[in-house]
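J.: Residue numbers (UniProt numbering): 1 to 146. What follows is a single structure, and I will ask about it in a moment.
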């Protein structure tokens, strides 16, 4: 297998991040904030620690971002009834609305990224990338355990 594949995947991800940043710049939200909104849309009521793990950032870093998003009315913290030390994070109606406003931008970006690929090629690409992601997800715990 070519070492260029790793570079190609990484560079493609970098270019997608840059293109997304350019598209949302005028919307008053950052890509990490958009990611929080998307994760909360799927996993509402997650703890800050769980969200930080999903985003691969430190909880304290995410905490500052959640503070700003709460100040902007996009998310809210609610006490965890089973753990007095923990807070659960939820989208507010404003956060849900903002996420809906951003979805067309993301859809347009993905359409631009795969233009020139037919539907079968797009499905194949998605399946291959999902396999790579699953392989890496399974291997990470094995590597940590030695």
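Cβ atoms here follow ideal geometry from the backbone N, Cα and C, with glycine treated the same way.
Using a 10 Å radius around the Cβ and a threshold of 16 neighbouring Cβ atoms, would you call residue 128 buried or exposed?
T.: Residue 128 is exposed by the Cβ-count criterion.
J.: Under DSSP, the alpha helix (DSSP H) around residue 24 begins and ends at which residues?
T.: Unbroken alpha helix (DSSP H) run through residue 24: 4-24.
J.: Rank 115, 71, 80 and 100 by C-alpha distance to the C-alpha of residue 35 and give the top, closest one.
T.: Ranking the options by Cα distance to residue 35, first place goes to 100.
J.: By DSSP, does residue 56 sit in helix, in strand, or in coil?
T.: Reduced to three states, the DSSP call for residue 56 is coil.
J.: Would you please state the rounded distance, in angstroms, between the beta carbons of residue 33 and residue 69? I believe it to be under 8 Å.
T.: Rounded, the Cβ-Cβ distance is 6 Å, consistent with contact.
J.: Under 8 Å, with one C-beta from each stretch per pair, do the region 88-100 and the region 42-58 reach the 3-pair mark?
T.: Counting Cβ pairs under 8 Å, three or more are found: they touch.
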